[in-house]
Every structure is written in C-alpha cells, then in structure tokens.
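**Q**
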Amino acid sequence: MWNAFFQAADYQAIKPEILVTVFGLAILLLDFLVEKREKYLNAVAALIGLGFAAYQLAWFWRRFAGEAPYVGFDGRFTLDTFAIYLKLIIVLATALVVLISAKYLEIEDAHYGEYYALVLFSAVGMMFLASGTDLIVLFIALELMALCEYVLTGFLRGNRRSNEAAVKFFLLGAFSSGLLLYGMSLLYGIGGSTKLAEIAARLSQRPSTDPLSWVAMVTLLAGLFFKIAAVPFHQWTPDAYEGAPTSITAFISVGPKVASFAILLRILFACIRPLNVEWQALMIGVAIATMTLGNLAAITQTNVKRFFGYSTISHVGYLLLGVIAAADTASPGNRDGLTAVIIYLLVYAFMNLGAFAVIIMMRRRDLIGDEIDDLSGLMARAPGPAILMLIFLLSLAGIPPTAGFIGKYWIFYSLIETRHYGLALLAVAYAVVALYYYFRIVVAMFMKKAPDAIPLATSPGLTVALAVTLGATLIIGIYPQPFIVWAQKAAQPFFS
Numbered sequence: 023m024w025n026a027f028f029q030a031a032d033y034q035a036i037k038p039e040i041l042v043t044v045f046g047l048a049i050l051l052l053d054f055l056v057e058k059r060e061k062y063l064n065a066v067a068a069l070i071g072l073g074f075a076a077y078q079l080a081w082f083w084r085r086f087a088g089e090a091p092y093v094g095f096d097g098r099f100t101l102d103t104f105a106i107y108l109k110l111i112i113v114l115a116t117a118l119v120v121l122i123s124a125k126y127l128e129i130e131d132a133h134y135g136e137y138y139a140l141v142l143f144s145a146v147g148m149m150f151l152a153s154g155t156d157l158i159v160l161f162i163a164l165e166l167m168a169l170c171e172y173v174l175t176g177f178l179r180g181n182r183r184s185n186e187a188a189v190k191f192f193l194l195g196a197f198s199s200g201l202l203l204y205g206m207s208l209l210y211g212i213g214g215s216t217k218l219a220e221i222a223a224r225l226s227q228r229p230s231t232d233p234l235s236w237v238a239m240v241t242l243l244a245g246l247f248f249k250i251a252a253v254p255f256h257q258w259t260p261d262a263y264e265g266a267p268t269s270i271t272a273f274i275s276v277g278p279k280v281a282s283f284a285i286l287l288r289i290l291f292a293c294i295r296p297l298n299v300e301w302q303a304l305m306i307g308v309a310i311a312t313m314t315l316g317n318l319a320a321i322t323q324t325n326v327k328r329f330f331g332y333s334t335i336s337h338v339g340y341l342l343l344g345v346i347a348a349a350d351t352a353s354p355g356n357r358d359g360l361t362a363v364i365i366y367l368l369v370y371a372f373m374n375l376g377a378f379a380v381i382i383m384m385r386r387r388d389l390i391g392d393e394i395d396d397l398s399g400l401m402a403r404a405p406g407p408a409i410l411m412l413i414f415l416l417s418l419a420g421i422p423p424t425a426g427f428i429g430k431y432w433i434f435y436s437l438i439e440t441r442h443y444g445l446a447l448l449a450v451a452y453a454v455v456a457l458y459y460y461f462r463i464v465v466a467m468f469m470k471k472a473p474d475a476i477p478l479a480t481s482p483g484l485t486v487a488l489a490v491t492l493g494a495t496l497i498i499g500i501y502p503q504p505f506i507v508w509a510q511k512a513a514q515p516f517f518s
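The opening position of the sequence shown corresponds to residue 23 in our numbering, with each subsequent residue numbered one higher.
1. Identify every run of the alpha helix (DSSP H) within the segment 323–374, keeping only runs that are complete inside it and at least 4 residues long; order them along the chain.
2. Does the Cβ of Asp232 have 16 or more other Cβ atoms within 10 Å, making it buried, or fewer, making it exposed?
3. Which same chain residues end up closer than 6 Å to Ala115 when comparing Cβ atoms and leaving out the 5 residues on each side of it in sequence?
4. Can the beta-carbon of Asp366 be found closer than 8 Å to that of Leu341?
5. Mind checking whether Tyr126 and Ser282 have CB atoms under 8 Å apart?
6. Rounded to whole angstroms, what's the CA-CA distance from Lys217 to Leu164? Just pull it up for me.
7. Please identify the residue among Asp156, Phe161, Gly147 whose C-alpha is closest to the C-alpha of Cys170.
8. Could you tell me whether the segment 392–412 touches the segment 447–460, using the rule of 3 or more Cβ pairs below 8 Å?
9. Suppose you measure from the CA of Ile158 to the CA of Ser398; what does that come to, to the nearest Å?
10. Three Cβ pairs or more, each shorter than 8 Å: is that satisfied between the segment 80–90 and the segment 206–221?
11. How big is the Cα-Cα spacing for Phe329 and Gln323?
12. Let me make sure I understand the geometry here. Which of Pro407, Leu51, Ser184 has the alpha-carbon closest to that of Glu136?
13. The beta strand (DSSP E) spanning Gly94 covers which residue range?
14. When you compare each of Ala479, Ile500, Gly344, Val507 to His442 by their alpha carbons, which one comes out closest?
15. Using only alpha-carbon positions, find the residue among Ala238, Thr314, Thr334, Gly331 that is nearest to Leu290.
16. Starting from Thr100, trace the beta strand (DSSP E) both ways and give me its first and last residue.
17. What residues in its chain sit with their C-beta under 8 Å from that of Met23, if we drop five residues either side in the sequence?
18. Within a Cβ cutoff of 6 Å, which residues of the same chain sit near Ala152, ignoring the five residues on either side of it in sequence?
19. Mapping DSSP to helix, strand and coil, what is Glu89?
20. Comparing alpha-carbon positions, which option in Arg295, Ile40, Val240 lies nearest Ser226?
21. Considering only C-alpha positions, which residue in the set Leu63, Ile506, Gly265, Arg403 is nearest to Leu477?
22. Measuring CB to CB, does Tyr62 end up less than 8 Å from Ala124?
23. Between which two residues does the alpha helix (DSSP H) harbouring Arg441 extend?
24. What's the call for Lys430, buried or exposed, on a 16-neighbour Cβ count within 10 Å?
25. Compare the beta carbon distance of Leu360 and Leu492 with 8 Å and say whether it is the shorter of the two.
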C-alpha cells in the first residue's frame with residue numbers, strides 16, 4: 023500500500039520543490055557560518071536554488087507540452103502545463119524579490135538568513151498549490167505559504183507598523199482558513215473523498231439546489247477570496263502592504279496571488295464545476311465589487327504602499343472577469359478567458375515587481391520613500407528611476423505598447439467573445455479611472471518641485487531586477503505572440 027502511494031517518479035515530479043526546500047534549509051545553516059558583511063551570500067544561495075528549480079521546470083515544460091499530464095501520489099498531485107507555467111512565474115517572481123531584498127535589508131539593518139529561508143519555504147507552498155489536486159494537499163500548502171507570509175510581514179521587529187500589520191494579517195488569515203477548512207470538510211462529506219475529481223463526480227449526481235452543496239461552495243470561495251484579496255475579504259491588504267517590509271510587500275503582491283489563483287482555478291474547474299452556473303453568478307458580483315472598491319479607494323491614497331494595495335485589489339477584479347469568461351462553457355470563447363487569466367498573472371508579476379523595485383531605490387530609514395510626495399520631482403533628481411516608474415505605471419494602467427495592455431486586452435476580448443458586454447464596458451470604464459490615479463504618481467514625479475536631494479539606494483541586485491522587469495514589460499507588450507501561445511498551452515489541461 024505504501025509503495026502504491028509513493029512511486030519513484032513522484033519524487034521526480036516534485037524535484038523543484040525539493041530543491042527549493044533544501045536550499046532554504048541550507049541558508050539557515052549558512053547564516054551561522056558567515057560574518058555580517060558576508061550576509062549577501064544568503065541571497066546568492068537562494069538565487070542558486072531558484073535557478074536549479076527553474077531549470078527543472080523548463081525541462082518539465084519541454085517534456086509535458088502537448089502530452090498527457092503526470093498524476094502522482096495516488097492522484098493527489100498533478101504535473102501539467104498549467105502547473106509548470108504558474109510554478110515558473112512563482113520561481114521567477116521569488117528570484118526577483120530576492121534580488122531587491124538584499125539592498126532593502128541592508129538599509130533596514132535586518133540582513134538575517136531566516137528572511138531568505140522563509141521566502142523560499144513560502145515559495146514551496148505556492149508551488150504545491152499549483153499542482154495539488156487533493157483538499158488536504160491544497161490546505162497544507164496554503165498554510166505553509168500563509169504562515170511564512172505572516173512572519174515576513176512582521177519581520178522588522180522594531181517597527182510598530184510592521185508588527186501591527188502582521189497581527190492583523192494573521193488574525194484575519196486564521197479566520198479565512200477556518201472558513202476554507204469548513205468548506206473543504208463539507209465537500210469531503212459530500213464526496214466521501216478529498217480528491218477533487220472524485221468530489222466533482224459526486225457533486226454532478228446531486229441537484230444544483232442542494233443546500234449543503236451551496237454552503238460548501240460559498241464558504242470555500244469565501245476563504246479563497248481572502249487569499250486573493252477580493253471584496254469583501256480585502257481588508258487585510260492595505261494594512262499588510264503598508265506595514266510589511268517593502269520587499270515583502272512586493273512578494274505578497276505577486277507570488278501568493280499567482281498561487282491563490284492556481285488553487286481557485288483548480289477548485290472551480292476540477293472540483294465544483296457541476297455548480298458552474300451558481301458560482302459564476304457569485305463571481306460576477308464579487309468581481310464588480312472588487313473592481314469598484316479597488317479603483318475608487320486608490321484615488322485618495324497618499325501612502326504609496328497602500329496605493330499599490332488597492333491597485334492590487336482592482337487587478338484581482340480584472341482577473342476574476344477572466345475567470346467568469348472561462349466559466350461560460352456555452353461559448354467557445356471560454357478558452358480565451360482562461361488564457362487571459364494566465365497571461366495577466368505573468369504580466370502583473372513583472373510590472374508590479376518593477377514598480378516596487380523603484381520604490382526600494384527611494385527607501386531610507388524612518389519610512390522615507392513610503393509616501394507619494396517622496397517621489398516628487400524624481401525626474402529632476404533621478405531621470406532613470408522616474409522613467410522606469412513611468413513605464414511600469416503605464417503598464418499597470420494598461421497602456422500600449424506595454425505588457426499590461428496585452429493582459430487587459432485579453433480580458434476584454436474574452437468577455438466580448440463570451441457575450442459579457444456589460445462587464446466589458448464596466449472594465450473599460452474602470453481602466454479609465456485607473457489611468458487617473460496612476461497618473462497622480464506621474465504628476466508628482468514630473469511636475470512637482472523636487473525636495474532636498476536624497477541619494478538613491480542602488481545595488482547590483484536592484485539593477486538586475488529592474489532590467490529584467492523592464493525588459494519583460496516591454497518585450498511582452500511589443501511581441502506578445504510567444505507568451506500568448508505558452509499561456510494557451512498552460513490553459514489546455516482544463517479543456518482536455
């Protein structure tokens with residue numbers, strides 16, 4: 023029985039996760055052996071581990087593209103193009119966070135090895151979320167990711183706002199985990215199994231009006247809405263973004279979103295698909311509320327990290343529109359909906375991390391660099407970072423020829439293809455609102471008077487991160503075809 027559950031090939035399938043875990047443990051040991059001035063070696067070790075994992079994932083992509091997925095651990099783990107694609111985004115985003123973290127930790131005098139270890143362990147949880155097809159696997163992976171995030175949010179132990187944000191994040195996260203676990207327990211009661219495919223088979227035999235199925239669906243989705251920062255479970259986002267170390271704000275704005283959408287898509291399309299009509303109606307309401315609050319609340323923000331918190335909420339609303347389009351099985355355009363979600367997650371990772379890298383360049387002790395006013399006159403005193411921030415903000419607003427335009431275009435296109443014309447018009451209207459509040463920062467950088475000159479924080483890691491994010495933002499915007507093809511291949515397992 024034990025041998026039937028664990029096969030040798032199963033360990034090959036989780037080799038990227040094993041590599042990242044081993045390097046995370048190695049960093050904890052390395053931190054004891056290196057002197058304070060050599061703490062950057064922890065970041066180097068983290069990058070090496072992530073590099074090995076990325077190489078293995080690239081090999082998996084060549085191996086499984088166009089072929090049947092590998093199902094291991096007795097049906098509890100699936101390695102398909104969808105999982106591999108999202109894992110590559112997670113690994114790349116984590117590597118970029120490591121690159122921008124080294125300088126930030128130096129500024130804050132908090133260069134501890136456990137920081138990088140926790141980042142890697144959180145990434146491991148995210149990677150398992152992309153492949154998990156069992157409720158127990160998904161819950162454990164989700165909690166591994168979340169617990170590391172709570173600790174990292176409060177990593178600046180001497181900073182009151184960091185500690186406060188961590189406590190709020192933890193308490194609300196515990197509540198959402200309870201909701202999620204309750205929904206999972208109901209699904210287990212309905213299906214008699216923790217495997218998503220077996221639960222879906224049992225749900226298809228029950229009437230869509232079954233109250234137990236409804237309660238399971240609502241509580242499960244409520245827990246997941248917290249993880250993706252959808253309204254009305256978004257309250258933690260601006261506080262956590264503002265109080266967390268800026269490098270961790272960048273991390274939790276991208277990696278957990280990719281992983282949480284992975285579990286959301288798995289559960290929606292592989293588990294509760296028999297309730298398609300019901301959850302699609304719920305999703306429409308949540309998407310509209312999320313776009314509305316995120317876009318309108320961002321207009322009044324003065325703290326740049328809270329600003330990006332509400333910006334993230336608005337982008338989650340756009341992603342949910344893609345999910346709605348993907349759920350419309352009556353239309354052939356539903357494939358475009360899932361493709362839109364996948365390509366949007368990729369471009370969002372690059373443009374958001376790029377913007378946070380510029381913010382870290384402005385960082386000084388005692389919170390200097392956290393306010394929009396701190397960016398005033400940036401063009402006059404540092405044209406390079408100002409132009410970089412302009413490009414990333416244009417991309418976040420969806421202006422061509424940036425990657426953000428490609429992401430929004432595919433969302434709009436999928437909505438039109440599935441005849442959700444009202445949602446498409448609303449999304450376009452909110453895109454105009456987003457253009458206004460993103461240009462608040464542009465006005466501050468280019469048109470306001472510069473305060474006293476402050477030297478920028480620069481490092482090789484920041485330079486590389488900015489080069490990668492800028493290159494990806496422009497290349498995807500100018501020549502999107504290969505990335506769209508890869509996203510279509512990643513969406514294929516849901517329609518096989």
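Beta carbons are placed, not taken as given, at the ideal position from N, Cα and C, and that holds for glycine.
**A** On the basis of the supplied data:
1. List check, alpha helix (DSSP H) in window: 326–349.
2. With fewer than 16 other Cβ atoms from the protein chains shown falling within 10 Å of its own Cβ, Asp232 counts as exposed.
3. These residues qualify, in order along the chain: Val276, Gly277, Ala371.
4. According to the sequence as given, residue 366 is Tyr; it is not Asp. Leu341 sits close to Tyr366, with the two beta carbons spaced by under 8 Å.
5. Not closer than 8 Å, so no.
6. Going from the Cα of Lys217 to the Cα of Leu164 covers about 16 Å.
7. Closest in C-alpha terms to Cys170, from the list Asp156, Phe161, Gly147, comes Gly147.
8. Contact check between the segment 392–412 and the segment 447–460: fewer than three CB pairs, one atom from each, fall below 8 Å, which does not count as touching.
9. In this structure, the straight-line span from the alpha carbon of Ile158 to that of Ser398 is close to 49 Å.
10. No, the segment 80–90 does not touch the segment 206–221.
11. C-alpha of Phe329 to C-alpha of Gln323: approximately 5 Å in a straight line.
12. Ranking Pro407, Leu51, Ser184 by Cα distance to Glu136 puts Leu51 first.
13. Looking at the DSSP string, the run of the beta strand (DSSP E) that includes Gly94 is 92–94.
14. Distance from the Cα of His442 is smallest, within the candidate group Ala479, Ile500, Gly344, Val507, for Gly344.
15. Cα-wise, what sits closest to Leu290 is Ala238.
16. From DSSP, the beta strand (DSSP E) with Thr100 extends over 99–101.
17. With a pLDDT of 43 at Met23, under the threshold of 50, the modelled position of that residue is not reliable, and no figure is offered here.
18. Here the set comprises Ala105, Leu108, Lys109, Ala284.
19. In the structure shown, Glu89 falls within a coil segment according to DSSP collapsed to helix, strand and coil.
20. Nearest to Ser226 by alpha-carbon distance, out of Arg295, Ile40, Val240, is Arg295.
21. Before going on, a small fix: residue 477 reads as Pro here, not Leu. Considering only alpha carbons, the answer is Arg403.
22. Yes; because the gap between Cβ atoms is below 8 Å, this pair is in contact.
23. That residue, Arg441, is in no alpha helix (DSSP H); it is neither H nor E in DSSP.
24. In summary, Lys430 is buried, with 16 or more beta-carbon neighbours lying within 10 Å of its beta-carbon over all protein chains present.
25. Contact flag unset, no.
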